[in-house]
Amino acid sequence: MSDLPLTPAHVAILERLVAQGFTPVVFPLYASAMAVRRGSFAALLVAAGDTALKIMGEPCFLIDSNLAVRTRRNGRPVFVWKDKAVEVTAAHLDELARFSADLSNLLAI
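Numbering (this note's numbering), first residue to last: 5 to 113.
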């Protein structure tokens, strides 16, 4: 899943995330990070010592299984990956808020 060795505590956290609907994924461009996805969003995770994981950056929308960034084009919010863009909707923002809150809460346990 990543180039870093996982401790038993890291594995337990990942198992807890899987039990709550998150799926481990691999993003080759981020080989030094672990990643999880749920629905249309994913987040990179890195070790925070031997017993914890933390979110690296911000959770991202997925376009063609790639991490897209949120930005503005022509005054409108969009998710962008390379030459592809998806307009940000209220439903996206709701899903992102749930994804982020659930992931943060599960990492804090």
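Where a beta carbon is used, it is the ideal one built from N, C-alpha and C, also for glycine. Values in this document were obtained by computation on a predicted structure and should not be read as measured data.
Considering only the beta carbon of each residue, do residue i and residue j sit closer than 8 Å?
i: Ala-89; j: Leu-71; result: no
i: Phe-65; j: Arg-42; result: no
i: Pro-32; j: Val-40; result: no
i: Val-50; j: Met-60; result: yes
Could you tell me how far apart the beta carbons of residue i and residue j are, in whole angstroms, since I believe they sit closer than 8 Å?
i: Leu-57; j: His-14; result: 6 Å
Ignore the nearest five residues each way along the sequence and tell me which others in residue i's own chain have a CB closer than 7 Å to its CB.
i: Leu-100; result: Phe-45, Pro-63
i: Thr-75; result: Val-82, Val-84
i: Ala-37; result: Ser-6, Leu-48, Leu-49, Val-50, Met-60
i: Val-92; result: Arg-74, Pro-81, Val-82, Phe-83
Can you tell which of the options has the C-alpha that lies nearest to the C-alpha of residue i?
i: Thr-55; options: Ile-17, Ala-94, Ala-39; result: Ile-17
i: Ser-69; options: Arg-77, Asp-98, Val-30; result: Val-30
Based on the DSSP secondary-structure assignment, which residues constitute the bridge partners of residue i?
i: Leu-97; result: Note: Leu-97 sits in no beta bridge, so no partner.
i: Phe-26; result: DSSP, once it has assigned bridges, lists no residue as partnering Phe-26.
i: Phe-103; result: Answer is none; Phe-103 lacks a bridge partner.
The ligand ADP and residue i: does the residue's C-beta get closer than 7 Å to at least one heavy atom of that ligand?
i: Pro-12; result: Looking for the ligand ADP in the displayed structure turns up nothing, as the structure carries no ligands at all.
Leaving out five residues on either side along the sequence, give the residues of the same chain with a beta carbon under 8 Å from the beta carbon of residue i.
i: Gln-24; result: Asp-106, Leu-110
i: Arg-20; result: Leu-110, Ile-113
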